[in-house]
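Under this note's numbering, think of the first position of the sequence shown as 1, with each following residue one higher.
Yeah, the Cβ is synthetic: ideal placement off N, Cα and C, and Gly gets one too.
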Amino acid sequence: MGEFFHVGIKMPKGLDVMDFDRKIVMTGLKKASKIVQQQSKKLISAKGPSKAGEYPGRNTGRMRRHVRIKNSKRKDHLWSRVQVSTIEDSFFYPAVLNYGRKDGRLKPRKNFIETATTQNEKQIKEIIDNAMTEGIKIWRK
1 MGEFFHVGIK MPKGLDVMDF DRKIVMTGLK KASKIVQQQS KKLISAKGPS
51 KAGEYPGRNT GRMRRHVRIK NSKRKDHLWS RVQVSTIEDS FFYPAVLNYG
101 RKDGRLKPRK NFIETATTQN EKQIKEIIDN AMTEGIKIWR K
């Protein structure tokens with residue numbers, strides 16, 4: 001439902017969340033999410049209406065301002081997510097952009113968060129890998 005990019009970490013075999021320094025790992029996850037957020041905002045910054053198959057255009061800039069990062073708060077979870085937070089409207093507008101309307105008046109647009117993720121995939125994986133390596137408590141002294 002809607003558009004989002006979620007970074008979750010699958011723990012290596014034999015390790016648990018508590019084996020990692022949460023502060024170091026979360027810093028890496030936030031950094032990776034920030035890259036996706038910035039690229040997503042660039043993709044939807046074109047002024048004016050958009051056509052089917054293009055990235056959503058910008059009229060008021062409300063959706064661009066609502067591309068936000070949400071991080072886990074629980075100590076036993078490590079995740080960060082880029083999403084379009086709720087825009088005060090009668091319906092969830094990003095979902096309509098993603099899937100179109102049943103009556104055909106609005107055709108689906110490209111998923112800008114997914115594109116931003118794939119464009120920066122190598123850099124994101126590198127950041128997360130470095131954070132995981134630095135964050136293992138048993139290797140640090």
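- Quick one, are the C-beta atoms of leucine 43 and threonine 115 less than 9 Å apart? Taking the first residue of the sequence shown as 1, we reach residue 43 at position 43. Taking the first residue of the sequence shown as 1, we reach residue 115 at position 115. Contact flag set, yes.
- Query: Should alanine 131 be labelled buried (16 or more other beta-carbon atoms within 10 Å of its own) or exposed?
  - Reply: Residue numbering aside, residue 131 sits at position 131 when the sequence shown is read from its first letter. Counting other Cβ atoms within 10 Å of its Cβ, alanine 131 reaches 16 or more and is therefore classed as buried.
- Message: Do lysine 102 and glutamine 83 count as a contact pair if the criterion is CB distance below 9 Å?
- Response: Within the sequence shown, the letter at position 83 stands for residue 83. Within the sequence shown, the letter at position 102 stands for residue 102. It is not a contact, given that the beta carbons lie outside the stated cut-off.
- Query: For serine 40, does the three-state DSSP call read helix, strand or coil?
  - Reply: Residue 40 sits at position 40 when you count from the first residue of the sequence shown. DSSP places serine 40 in helix when its eight states are reduced to three.
- Reduced DSSP category for asparagine 120 - H, G, I as helix; E, B as strand; rest coil: Taking the sequence shown and counting its residues from 1, one reaches residue 120 at position 120. In the structure shown, asparagine 120 sits in coil (DSSP, three-state: anything other than H, G, I, E or B).
- Task: Would you mind reading off the limits of the beta strand (DSSP E) that contains arginine 68?
- Result: Within the sequence shown, residue 68 is the residue found at index 68, counting from 1. Element bounds for arginine 68: 67-71.
- Contact between the region 60-69 and the region 12-21: three or more CB pairs below 8 Å? They do not touch, by the three-pair rule.
- Message: Would isoleucine 136 and alanine 32 be called neighbours here (beta carbons separated by less than 9 Å)?
- Response: Translated into positions along the sequence shown, residue 136 becomes position 136. Translated into positions along the sequence shown, residue 32 becomes position 32. In this structure, alanine 32 does not lie closer than 9 Å to isoleucine 136 by Cβ.
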